[in-house]
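To keep things clear, I will list the structure first and then write my remarks on it.
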Amino acid sequence: MAIFTVTASPQSATWPDCARFHPVPIFFKHMENPLENCLFCKIASGALPAHKIYEDTEILAFLDLHPIREGHALVIPKAHHIWFEDLPQALATQITTCAQHIARTMKQMYHVERVALFYTGIHVPHAHAHVVPMHHVHDVTSAAYLRDGPDSFSAPPQLPADEMSAIAAKLRESF
Ligand SMILES: [Zn+2]
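Laid out in structure tokens, this is it:
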């Protein structure tokens, strides 16, 4: 007897289970008094300590307390913005420019070919860009790449060309 059933839409039928059935939880949408309750606002204001890398009036870069790799850094706006897509363009550019500088330094420090930059926003509801020196192809990987285990790198299945065209068209419409 099945404990539960999952209905997959036709277009997602080729995706691995890990990509289909475990959506990212949405556990924050609004925070009262972020200066008192937001971990990164507290760090930005100096109320909590951090291993700071760079700071100006708008942004702050510091080391992640739970690094994927040595040097794993976060770059945040000092103002409380939850979603990276809502950052003012100039502020987003400041963050990216800072991350580029850190990445160039990390390449020299750690002798890595590449440095990853990504926003996920899973744990703290304050936009933060991760900057991670990549020593291994799976350092910042998706579980979708791990279908055949951590020692391999499995390309997620391709979608049919007509589905890809439709997806691209939908995204293109917004510009
Ligand atoms: Zn905040």
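Numbering (my numbering), first residue to last: 772 to 946.
Every residue, glycine too, gets a C-beta built ideally from N, C-alpha and C.
Keep in mind that this is a model prediction, so the values were computed, not measured.
With C-beta atoms as the reference, is residue i less than 7 Å away from residue j?
i, j, result
"Ile847", "Leu831", "yes"
"Ala844", "Ile824", "yes"
"Pro928", "Ala915", "no"
"Cys812", "His851", "yes"
"Val911", "Leu810", "no"
"Arg840", "His906", "yes"
"Ala900", "Lys849", "no"
"Asp919", "Ser925", "yes"
"Leu888", "Ala870", "yes"
Between residue i and the rest of its own chain, which residues show a CB-CB distance below 7 Å, the 5 nearest in sequence each way excluded?
i, result
"Gly842", "Met877, Met880, Tyr881, Pro904"
"Asn808", "Met802"
"Pro921", "His909"
"Glu829", "Pro848, Lys849, Leu862, Gln865"
If residue i and residue j are in contact, beta carbons under 8 Å, what's the gap, nearest whole angstrom?
i, j, result
"Ala898", "Leu858", "6 Å"
"Phe833", "Ala821", "4 Å"
Excluding the 5 residues preceding and the 5 following residue i in the sequence, name in chain order all residues of the same chain whose CB lies nearer than 6 Å to its CB.
i, result
"Ile873", "Ala844, Val902"
"Arg885", "Met905"
For residue i, which beta-bridge partners are listed by DSSP?
i, result
"Arg885", "Met905"
"Ile847", "Leu831"
Using beta carbons (cut-off 7 Å, strictly below), is residue i in contact with chain E?
i, result
"Leu917", "In the structure shown, chain E does not exist; there is a single protein chain."
*Starting from the N-terminal side, write out each stretch of the beta strand (DSSP E) that is 3 residues or longer and does not extend beyond the stretch 794-844.*
Every beta strand (DSSP E) of 3 residues or more that sits fully in the stretch 794-844 is shown, in chain order, as 823-826, 830-834.
*Would you mind listing the beta strand (DSSP E) stretches within the stretch 887-927 that are 3+ residues and don't spill past its ends, in chain order?*
List check, beta strand (DSSP E) in window: 900-905.
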